[in-house]
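So the sequence lines, in the order shown, correspond to chains B and S.
Using this note's numbering, the letters of the first sequence map in sequence onto residues 20 to 354.
Using this note's numbering, the letters of the second sequence map in sequence onto residues 646 to 971.
Inspection log for the structure reproduced underneath, given as structure tokens.
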Amino acid sequence: MKRILFAGSLLPLLFAGIASAADTINAAGATFPAPIYQKWCEEFKAKTGVQINYQSVGSGAGIKQFTDGTVDFGASDMPMTDDQIKAIKVPTLHFPTVLGADVVTYNVPGITVDLKFSGQTVAAIFMGTITKWNDAKIAADNPGVKLPATDIVVVHRSDGSGTSFIFTDFLSKVSPEWKSKVGASTSVQWPVGLGGKGNEGVSGLVKQTPGSIGYVELVFAISQKLGYADIKNANGKFVKASFDSVTAAAAGMKEMPADFRVSITNGPGDKAYPISSFTWLLIPSQISDPAKKKNITAFLTWLLTDGQKDAQGLSYAPLPAAVVAKEKKQLATIK
Amino acid sequence: MSSSAAVQPQMGKSPVSEISRRLRGGDEVAWLITLLFSISVLLVTALLVWELWVGSEPSRAKSGFSFLTSKLWNPVTDEFGAYPFIYGTIVTSVLALAIAVPTGVGAAIYLSELATGKWSDSLTFLVELLAAVPSVIFGLLAMFTLVPMMRETIGPAIKSVFGSLPLFSGPVYGVGYFTAGLVMAIMIFPYIISVSREALMSVPREQREAALALGATKWESTWQIVVPYARLGIIGSVFLAFARALGETMAVTMVIGNDPSVHASLFAPGYTIAAVIANEFTEATGKVYPAALVELGLVLFVLTFILNGLARLLILITTQKGSARA
């Protein structure tokens with residue numbers, strides 16, 4: 020009983036901690052950039068005293084909470100559709116924050132070198148039309164590599180995720196068959212393969228299953244020291260995923276649309292890694308509360324400048340300077 | 646639920662005067678409070694159904710009853726069907742029961758009838774400890790131990806004997822219905838043992854002694870007298886385990902392969918209702934997609950409801966025929 024009373028006496032303290040600051044800002048959305056958003060929130064609080072709570076609930080749930088007005092701003096790994104934007108009275112602005120990428124990882128017995136794949140080959144493997152590792156199309160991209168005649172086991176994400184969106188978006192661009200039969204989304208109807216939950220699930224299955232191939236986030240592949248394939252980009256060059264090649268994919272976009280709702284997969288540029296993407300913050304174009312407006316714009320300005328330096332430490336690729344300059348202009352339009 | 650039903654007839658005459666009369670006795674405050682508690686359970690259930698019903702409206706409007714029979718699950722084109730998930734849920738749960746019921750009941754009989762005092766107590770303690778292990782732990786264990794074992798040892802062994810049956814055809818990936826069923830079986834095993842053992846222990850000593858006095862052997866008395874006497878408790882444990890298996894999420898999604906299609910082979914990858922909801926809900930956008938996932942929740946609810954109903958029916962039938970009541 021004493022213990023219950025003691026716990027009860029602590030409860031008000033807990034709530035006081037949550038509700039103390041009047042200038043608390045709430046945000047929710049994508050899980051993929053959550054580590055850096057949470058670090059940014061922490062650093063921003065240390066600098067300015069403004070508390071920003073970021074809940075990593077997933078892009079879909081983030082867009083929903085943002086639409087319902089239960090959070091001050093949202094975050095998503097895929098840009099909002101026109102219909103989603105129309106559903107909110109105040110137009111939404113998209114702010115790219117960092118870049119992410121997917122890598123293709125595999126487990127082929129006897130292969131120790133990094134394999135090379137063209138986008139079409141990856142699409143055919145995930146479509147189920149290429150079924151053996153010694154297929155002529157795989158061999159053509161990997162001269163001199165002795166490929167075994169084992170069956171390919173495809174592994175994909177089972178949970179809805181921005182990672183899958185980037186991957187299927189890339190495959191839709193390089194393969195008309197993929198585009199018409201499967202399409203691009205956070206979850207799709209996979210023609211073949213096993214589903215693993217999260218990056219851990221996919222890499223776990225790939226590590227265990229001889230002859231398997233799957234895709235994971237670059238962040239995850241680096242932290243787990245996984246080997247991954249070079250992918251042929253739109254200029255016909257095989258490129259390895261790295262911070263530089265991912266940033267190059269964003270810099271290669273010649274015409275950035277005014278609303279930043281753009282897919283940079285299979286983008287131009289010799290050094291561009293083709294399975295790259297922005298991740299976005301969703302900010303209302305009008306913020307009625309002046310204190311909130313001031314704090315949110317200050318947060319955005321900071322993350323676009325000083326905050327970008329945190330990106331590589333957490334394995335995200337920073338934004339190219341041209342994109343940052345353009346975003347600052349959009350920032351000034353918030354009323 | 647049964648307590649509120651028992652209260653109902655008393656409220657029938659004039660509820661207000663009845664309540665005020667009862668409140669005058671200090672003891673009756675407890676009656677009112679417990680009544681409120683039992684009503685709140687009903688309210689929560691009703692609210693749950695209501696929320697599931699309203700939340701699934703866009704999906705019900707789009708698919709109608711074909712939702713239950715369609716094999717499509719395509720978030721890109723907004724076409725959704727629950728059939729592969731219903732199939733996967735039932736196949737894995739039934740498989741889990743097929744493995745766990747004989748072993749669980751067998752273990753319970755050993756613990757209550759054959760094992761001696763201290764040995765039985767310590768084994769029971771361990772079994773109850775097993776019931777408290779979170780399911781994600783079983784999932785991890787399965788992913789790193791059971792899956793490779795299934796792919797390299799168990800799967801090929803079964804295939805070498807029964808490989809010609811469609812039930813065991815196709816390649817063994819390690820993940821699939823069979824592995825999921827096996828993990829579920831391990832998870833529900835302690836529930837069956839624990840509850841069945843209690844039921845067996847509560848059989849009066851006189852029943853055993855009477856059987857032995859009539860010349861029955863120890864095993865005859867156990868199998869023909871004690872087990873039938875305790876069968877309501879045993880059936881109860883099985884349905885408790887079944888309900889747990891139907892709703893099991895984390896451990897299953899880690900080893901089932903998460904493939905929304907229907908396969909005859911138990912080695913093939915599949916999907917369950919609880920697993921797909923947990924996997925896809927956070928990133929589901931649009932109107933129909935989240936609603937389809939909510940509708941799957943409704944389907945799982947109804948499925949559980951029907952199975953519980955069947956359990957009651959089974960108990961009713963066996964009690965009417967039966968020799969004893971627990």
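Glycine residues also receive a C-beta, built at the ideal position from the N, C-alpha and C atoms.
These numbers come from a predicted model, not from an experiment.
Within the segment 201-226 of chain B, those residues whose Cβ lies closer than 8 Å to any Cβ of chain S are, in chain order, Val201, Gly202, Ala203, Ser204, Thr205, Ser206, Val207, Gln208, Trp209, Gly212, Leu213, Gly214, Gly215, Lys216, Gly220, Gly223 and Leu224. Annotated three-state conformation of Ile149(B) is coil, per DSSP.
Two segments are said to touch when three or more pairs of C-beta atoms, one from each, lie closer than 8 Å; by this definition the segment 230-240 of chain B touches the segment 167-186 of chain B. Sorting Gly902(S), Glu843(S) and Thr894(S) by C-alpha distance to the C-alpha of Tyr818(S) places Gly902(S) at the top. Contact annotation: the segment 824-840 of chain S touches the segment 731-746 of chain S, with at least three C-beta pairs closer than 8 Å. DSSP lists Asn719(S) as the bridge partner or partners of Glu724(S). When Cβ-Cβ separations below 8 Å define contact, Thr228(B) makes contact with chain S.
Inter-residue distance for Asp672(S) and Ile962(S) is about 39 Å (C-alpha atoms, whole angstroms).
Note: Asp91(B) is not bridge-paired with any residue in the DSSP secondary-structure output. Selection Val921(S), Arg842(S) and Thr867(S) evaluated against Asp766(S) yields Arg842(S) as nearest (Cα-Cα). Any Cβ of chain S closer than 8 Å to the Cβ of Gly77(B) would place that residue at the interface, and such an atom is present. Within the DSSP secondary-structure output, Ile44(B) pairs in a beta bridge with Ile71(B). Of the residues Ala351(B), Ala268(B), Asn314(B) and Thr131(B), the one whose Cα lies closest to the Cα of Phe92(B) is Asn314(B).
When the Cα atoms are used, Tyr335(B) and Asp249(B) turn out to be separated by approximately 19 Å.
The Cβ of Ile82(B) sits closer than 8 Å to at least one Cβ of chain S.
By the rule that beta-carbons nearer than 8 Å mark a contact, Gly179(B) touches chain S. Taking a C-beta distance under 8 Å as the contact criterion, Ile82(B) and Gln57(B) do not qualify as a contact pair. The beta-carbon of Met832(S) is placed no less than 8 Å from the nearest beta-carbon of chain B. The C-alpha of Ile799(S) is placed about 10 Å away from the C-alpha of Ser805(S). Ala787(S) and Val781(S) have their C-alpha atoms some 10 Å from each other. Residues of chain B whose Cβ lies closer than 7 Å to the Cβ of Met788(S) are, in chain order, Gly223. Using a Cβ-Cβ cut-off of 8 Å, Met899(S) counts as an interface residue toward chain B, since at least one Cβ of chain B sits closer than that to its own. Following the DSSP letters along the chain, one finds Pro98(B) in no beta strand (DSSP E), marked with neither H nor E.
Taking a C-beta distance under 8 Å as the contact criterion, Val778(S) and Ile837(S) do not qualify as a contact pair. Its chain contains Gln852 and Ala856 as the residues whose beta carbon lies nearer than 6 Å to that of Ile870(S), once the 5 sequence neighbours on both sides are disregarded; these appear in chain order. Arg876(S) sits in a helix when the DSSP states are folded into three classes.
Contact between Ser295(B) and Ala330(B) does not hold, since their C-beta atoms are separated by about 14 Å, which reaches or exceeds 8 Å. Of all alpha-carbon atoms in Ile951(S), Asn953(S) and Thr898(S), the one lying nearest the alpha-carbon of Gly733(S) is that of Thr898(S). Around Glu925(S), the beta-carbon contacts reaching into chain B at under 7 Å are Asp178, Gly179 and Ser206. Between the segment 703-717 of chain S and the segment 876-894 of chain S, the count of C-beta pairs closer than 8 Å stays below three; the two stretches do not touch. Between the alpha carbons of Ala106(B) and Leu958(S) lies a distance of about 49 Å.
The segment 752-762 of chain S makes no contact with the segment 937-946 of chain S: fewer than 3 CB pairs, one atom from each, lie closer than 8 Å. Classified as exposed, Thr690(S) has fewer than 16 neighbouring CB atoms from the shown chains inside 10 Å of its CB. The segment 214-229 of chain B makes contact with the segment 117-126 of chain B, as at least three CB pairs between them are under 8 Å.
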